[in-house]
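Trainee: Handing you this structure, nothing more for now.
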Amino acid sequence: MRLIDVEKKKLEEFIGGNILSYAILSHTWGANEDEILYEDIEDGNINKSGPQLFKFEECCKQTLRDGLKYAWIDTCCIPRSDFTELGEAINSMFRWYKNAAVCYAYLADVPAGVDCSDPNSKFFTSRWFTRGWTLQELIAPKEVRFYDAAWNFLGTKAEMSIAIEIITGIPRPVLQGWASLDTQSVAQRMSWASKRVTKRPEDIAYCLLGLFSVYLNMIYGEGAEEAFSRLQQKIMTEVRDDSILAWGLNVEEPAPNGLNPVLSAGALARSPSEFANCRRIRSRQRYTGPMHSLEISGGCLSIKLQIHKEKNVDVYGVLNCGPDDTDDDVVTKISPCAHSQQEVSRRLSQADLHSERSSKWKRTIGKPSELVLC
51 MRLIDVEKKK LEEFIGGNIL SYAILSHTWG ANEDEILYED IEDGNINKSG
101 PQLFKFEECC KQTLRDGLKY AWIDTCCIPR SDFTELGEAI NSMFRWYKNA
151 AVCYAYLADV PAGVDCSDPN SKFFTSRWFT RGWTLQELIA PKEVRFYDAA
201 WNFLGTKAEM SIAIEIITGI PRPVLQGWAS LDTQSVAQRM SWASKRVTKR
251 PEDIAYCLLG LFSVYLNMIY GEGAEEAFSR LQQKIMTEVR DDSILAWGLN
301 VEEPAPNGLN PVLSAGALAR SPSEFANCRR IRSRQRYTGP MHSLEISGGC
351 LSIKLQIHKE KNVDVYGVLN CGPDDTDDDV VTKISPCAHS QQEVSRRLSQ
401 ADLHSERSSK WKRTIGKPSE LVLC
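Remember, the working numbering sits 50 above the position in the sequence shown when you count from 1.
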């Protein structure tokens, strides 16, 4: 890990556990040529002008005022021409933000004097809240301090948690550190990223690695859907959480007949946007019995699900997840498309995912059946 000596404006490299206390900056990028980059620090060329130099200088000054000697800024501390090191940095970034003594969140589009509690203020519409990378930068650090465009202090993450919860959908207990990420289902965590964007398509998946404590190789050029598919597959190897299959469920405004359209044709979602209405979907383990892993092979998902047959015609798989304020389960309608040693089925591409009260299913559910969803 490289850190900036904020007095000398030089980089120092730290290896292993010998890293000293440091501040860390969270910000949105401007044009690449305007940012203070790794090469600029190495060459001693920081004589740029404009807002990018301003935030660099103010970050260094604030670090000194807080009694720290070092700061980490992504534009300056990662040589982006080295893809191996870039991949290592992306996989480490959540940990780096988590271990920082303090995180400065610089909101370049929020003017001085703004009322941050006003839903109509520039704070609520700041670009900082729309970017993929700033999601982990908000959640991971113990302390986040917000600054406006003139580097005036706005408040801390804890102090502003009511407004931030409204803006982001992240529960206050998570923002304030009372609840760990593990208390939130996969679908809930995905929902926090559902309206965020990244400059590079694949980063919409890579920016979420830390939220699920997983690691991936960076393959720029694979495309957003492939990167997000790899992320979901990796998550499924680490934890059994059926809510990862609950994408496309509209629990906010039920569609006619309780059915809601699903955007993707396969078992996995194509992007975090398909989890937009999963903010309240919690993982459950209501049905007793051993847990079975979710496995992907040949583009198909192997899963053991509780099965309910409706009038011996419609077949539903009952997922162990549902809205947090009801006793409903999320169920997915499936239809057989082949037969072998396993029952091979597929999730319908439209109007197949909805929620039902668990009492409707509990008397008709038997042992888990193994399905392959393609």
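Idealized CB from N, CA, C, for every residue including glycine.
Please work out which residues of its chain come closer than 6 Å, Cβ to Cβ, to residue 178, disregarding the five sequence neighbours upstream and downstream, and give them in chain order.
Mentor: Taking the sequence shown and counting its residues from 1, the one referred to as residue 178 is at position 128. Cβ neighbours of residue 178 beyond the five flanking positions: 78, 157, 184.
Trainee: The beta strand (DSSP E) that contains residue 367, what's its start and end?
Mentor: Within the sequence shown, residue 367 is the residue found at index 317, counting from 1. Run containing residue 367: 364 to 369, per the beta strand (DSSP E) assignment.
Trainee: What residues are listed by DSSP as bridge partners for residue 140?
Mentor: By one-based count along the sequence shown, residue 140 stands at place 90. Residue 140 is not bridged to any residue.
Trainee: Secondary structure at residue 260, three-state DSSP: helix, strand or coil?
Mentor: For the purposes of this step, residue 260 is taken as residue 210 along the sequence shown, with counting starting at 1. Residue 260 falls in the helix class under three-state DSSP.
Trainee: Go ahead and pull the three-state DSSP assignment for residue 130.
Mentor: If you number the sequence shown from 1, residue 130 lands on position 80. Reduced to three states, the DSSP call for residue 130 is coil.
Trainee: Just to confirm the assignment, what range does the beta strand (DSSP E) spanning residue 72 have?
Mentor: Reading the sequence shown from its first residue, position 22 is the one you call residue 72. That run of the beta strand (DSSP E) goes 72 to 76.
Trainee: Are the beta-carbon atoms of residue 191 and residue 153 separated by less than 9 Å?
Mentor: The residue given as residue 191 occupies position 141 in the sequence shown. The residue given as residue 153 occupies position 103 in the sequence shown. Their beta carbons are under 9 Å apart, which means residue 191 touches residue 153 by this criterion.
Trainee: Under 8 Å: do the stretch 164 to 183 and the stretch 83 to 96 share three or more Cβ pairs, one atom per stretch?
Mentor: As far as the Cβ criterion goes, the stretch 164 to 183 does not touch the stretch 83 to 96, which means the pair count is below three.
Trainee: Check for me: the alpha helix (DSSP H) holding residue 236 runs from which residue to which?
Mentor: The residue labelled residue 236 in the question sits at position 186 within the sequence shown. 236 to 242 is the extent of the alpha helix (DSSP H) around residue 236.
Trainee: Within the same chain, show all residues whose beta-carbon is closer than 8 Å to that of residue 142, passing over the 5 residues directly before and after it, in chain order.
Mentor: Within the sequence shown, numbered from 1, the residue matching residue 142 stands at position 92. Closer than 8 Å at Cβ, skipping near neighbours: 51.
Trainee: For residue 88, does the three-state DSSP call read helix, strand or coil?
Mentor: Sequence index remark: in the sequence shown, residue 88 carries index 38 (1-based). Helix, per DSSP.
Trainee: Using a 10 Å radius around the Cβ and a threshold of 16 neighbouring Cβ atoms, would you call residue 237 buried or exposed?
Mentor: Taking the sequence shown and counting its residues from 1, the one referred to as residue 237 is at position 187. It is buried - the Cβ of residue 237 has at least 16 other Cβ atoms within 10 Å.
Trainee: Pick out whichever of 167, 170, 231 has its Cα sitting closest to the Cα of residue 186.
Mentor: As a first step, residue 186 must be located in the sequence shown, where it is residue number 136. Comparing Cα positions, the closest option is 231.
Trainee: Just the C-alpha distance for residue 57 and residue 112, rounded to the nearest angstrom, thanks.
Mentor: Along the sequence shown, one-based indexing puts residue 57 at 7. Along the sequence shown, one-based indexing puts residue 112 at 62. Each residue's alpha carbon lies about 11 Å from the other.
Trainee: Taking DSSP as the reference, what is the three-state secondary structure of residue 213?
Mentor: Taking the sequence shown and counting its residues from 1, one reaches residue 213 at position 163. Of the three classes helix, strand and coil, the one that applies to residue 213 here is helix, per DSSP.
Trainee: With DSSP as the reference, label residue 311 as helix, strand or coil.
Mentor: Here residue 311 corresponds to residue number 261 of the sequence shown, with the count starting at 1. Residue placement at residue 311 is poorly supported in this model, since its pLDDT is 38, which falls under 50; the coordinates still yield a value, given next. The answer is coil: DSSP assigns residue 311 none of H, G, I, E or B.
Trainee: Output the distance between the C-alpha atoms of residue 65 and residue 299, rounded to the nearest integer angstrom.
Mentor: The residue given as residue 65 occupies position 15 in the sequence shown. The residue given as residue 299 occupies position 249 in the sequence shown. Straight-line Cα distance between these residues: approximately 45 Å.
Trainee: Taking its Cβ as the centre, do 16 or more other Cβ atoms sit within 10 Å of residue 68, making it buried, or is it exposed?
Mentor: In the sequence shown, the residue the question calls residue 68 occupies position 18. When all chains shown are included, residue 68 counts as exposed.
Trainee: Would you check if the stretch 251 to 258 and the stretch 268 to 286 touch, i.e. whether three or more CB-CB distances between them fall below 8 Å?
Mentor: At 8 Å Cβ cutoff, the stretches touch.
Trainee: With distances taken from CA atoms, which of 241, 370, 249 is nearest residue 381?
Mentor: Residue numbering aside, residue 381 sits at position 331 when the sequence shown is read from its first letter. The option with the nearest alpha carbon to residue 381 is 370.
Trainee: Quick check on residue 228: buried or exposed, where buried means 16 or more other Cβ atoms within 10 Å of its Cβ?
Mentor: Walking along the sequence shown from the start, residue 228 turns up at place 178. The residue in question, residue 228, is exposed, as its Cβ has fewer than 16 Cβ neighbours within 10 Å.
Trainee: Can the beta-carbon of residue 55 be found closer than 9 Å to that of residue 63?
Mentor: One-based indexing of the sequence shown puts residue 55 at position 5. One-based indexing of the sequence shown puts residue 63 at position 13. No.
Trainee: Looking only at its chain, what residues have a beta carbon closer than 6 Å to the beta carbon of residue 302, apart from the 5 residues adjacent to it on each side?
Mentor: Within the sequence shown, residue 302 is the residue found at index 252, counting from 1. Residue confidence is low: residue 302 scores 48 on pLDDT, short of 50, so the model does not pin down where it sits. Its coordinate-derived value is still stated next. Answer for residue 302: 327, listed in chain order.
Trainee: Need the endpoints of the beta strand (DSSP E) that residue 196 sits in, please.
Mentor: Here residue 196 corresponds to residue number 146 of the sequence shown, with the count starting at 1. First-last of the beta strand (DSSP E) with residue 196: 194 to 197.
Trainee: Residue 180 lies in the beta strand (DSSP E); which residues open and close that run?
Mentor: For the purposes of this step, residue 180 is identified with residue 130 of the sequence shown, where counting begins at 1. Run containing residue 180: none; DSSP gives neither H nor E here.
Trainee: On a Cα-Cα basis, can you pick out the residue from 189, 289, 164, 220 that is closest to residue 146?
Mentor: Against the sequence shown, residue 146 aligns to sequence position 96. The residue with the shortest Cα to Cα distance from residue 146 is 189.
Trainee: By a C-beta neighbour count over all protein chains shown, 10 Å radius and 16 as the cutoff for buried, is residue 218 buried or exposed?
Mentor: Indexing the sequence shown from 1 puts residue 218 at position 168. Buried, because 16 or more other Cβ atoms sit within 10 Å of the Cβ of residue 218.
Trainee: Using only CA atoms, which one of 242, 92, 367 lies nearest to residue 322?
Mentor: In the sequence shown, residue 322 corresponds to position 272, counting from 1. Nearest option by C-alpha distance: 242.
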